[in-house]
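Some notes on the structure that comes next.
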Amino acid sequence: MKIFIVEDDIINIEIAKAAIEQCGCTVCGFAYNYAEAIQKIDKLNPDIVLVDITLPGEKDIGEWLHTEKKIPHIYLTSHKEDEKIKDAVKTGPINYLIKPLQKDSLKTSIELLKANLLRYKNNTENLEDFIFIKTNNRNTKYYINEILYAYSDETPNFCAIVLEKEKCIKIRSSLRALCKKYQNVFTQVHQTFIVNPMHIKSTKNNFLYLKNGEKLPIGRKYKKDILSILSDEQ
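Next up, the structure:
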């Protein structure tokens with residue numbers, strides 16, 4: 000099992016490395032700050048991440064691990080204040096350990112997680128059922144079956160996502176980037192529209208009709224792909 004360490008105290012890093020190796024696991028890397036951590040974690044894809052709760056950076060790496068990477072993490076903290084712990088709990092950590100780090104406590108946490116890692120992954124919500132979209136500096140969960148389509152906004156580098164119940168959210172992203180990031184959700188149907196195929200009812204001429212009655216244009220270059228998707232679903 001590969002474990003990544005995000006900590007800016009060299010003593011705690013050494014304690015953690017010793018405990019990890021005694022558990023028969025591998026330290027696949029470590030980082031001292033947020034930017035370095037996300038770059039290395041993306042590349043190394045560890046099974047667990049140990050995270051300093053007070054790591055410098057504009058974002059919370061625990062939230063990133065929980066909402067975007069779906070990697071279990073253990074917080075290392077010298078804070079005992081209720082408010083700090085409450086904020087940490089929101090990111091879904093497996094455990095949190097008080098510093099100065101005790102090797103035996105960390106070994107116990109790792110051994111328990113090793114035994115339950117498969118169960119942890121299987122018991123989380125099916126990741127195919129929802130996506131997280133960043134709006135107003137927060138990652139919000141949206142279920143795929145409630146997403147209808149998205150379209151280019153008049154503002155450069157912005158687009159809008161249309162949900163069921165006539166709800167619409169505006170996000171800072173180009174339509175192309177949104178479609179690429181969530182290619183399991185959207186299919187391009189027009190230069191200015193991408194659609195969730197599960198909501199397509201039919202096509203006629205150069206338009207597709209959604210199950211809620213809305214009509215969207217189909218670009219000539221995308222028509223073949225749309226017809227192929229509808230054929231596969233029949």
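Note that numbering that gives the first Met the number 0 numbers the sequence shown so that position 182 is 181, with each residue one more than the last. Built from N, CA and C at the ideal position, the CB exists for glycine as well.
In the DSSP annotation of this structure, lysine 214 is not part of any alpha helix (DSSP H); the continuous beta strand (DSSP E) holding it starts and ends at 214-216.
Exclusion of the five residues before and after isoleucine 168 leaves Thr134 and Ile160 as the residues of its chain whose Cβ lies within less than 6 Å of its Cβ. Scanning the stretch 157-201 from its first residue to its last, the whole alpha helix (DSSP H) runs of 4-plus residues come out as 174-180. For a cut-off of 8 Å, the C-beta gap from threonine 76 to isoleucine 97 is around 6 Å, short enough to register as a contact. By the neighbour-count criterion, in which a residue is buried when 16 or more other Cβ atoms sit within 10 angstroms of its Cβ, glutamine 187 is buried.
Contact check for isoleucine 37 against phenylalanine 3 fails: the beta carbons are separated by 8 Å or more. Under the three-pair Cβ rule at 8 Å, the stretch 151-159 does not count as touching the stretch 218-225. By the criterion of a C-beta distance shorter than 8 Å, leucine 162 is surrounded in its chain by Tyr141, Glu145, Ile146, Leu147 and Ile168, once the five residues flanking it on both sides are discounted. Taking 8 Å as the cut-off, the beta carbon of lysine 102 is found closer than this to the beta carbon of alanine 18. Sequence-distant partners of isoleucine 12 (beyond 5 residues in either direction) whose C-beta falls short of 7 Å from its own C-beta, in its chain, are Ile4, Glu6 and Phe29. Per the coordinates, the alpha-carbon of cysteine 24 lies some 22 Å from the alpha-carbon of proline 99. Assigned with DSSP and collapsed to three states, aspartate 51 falls in strand. Secondary structure note for lysine 42: its alpha helix (DSSP H) is the uninterrupted segment 33-43. A direct Cα-Cα distance of roughly 32 Å separates leucine 174 from histidine 72.
The C-alpha of arginine 171 is placed about 25 Å away from the C-alpha of lysine 214.
Between valine 48 and isoleucine 70, the gap from beta carbon to beta carbon is short of 8 Å.
Tyrosine 150 has its alpha-carbon roughly 33 Å from the corresponding atom of asparagine 44. Short of 6 Å from the beta carbon of arginine 137, and not among the five residues preceding or following it, lies no beta carbon of its own chain. With contacts defined by Cβ atoms closer than 8 Å, proline 196 and asparagine 205 do not form a contacting pair. Distance from the CA atom of threonine 90 to the CA atom of lysine 203, rounded to whole angstroms, is 46 Å. Between the alpha carbons of isoleucine 193 and lysine 68 lies a distance of about 24 Å.
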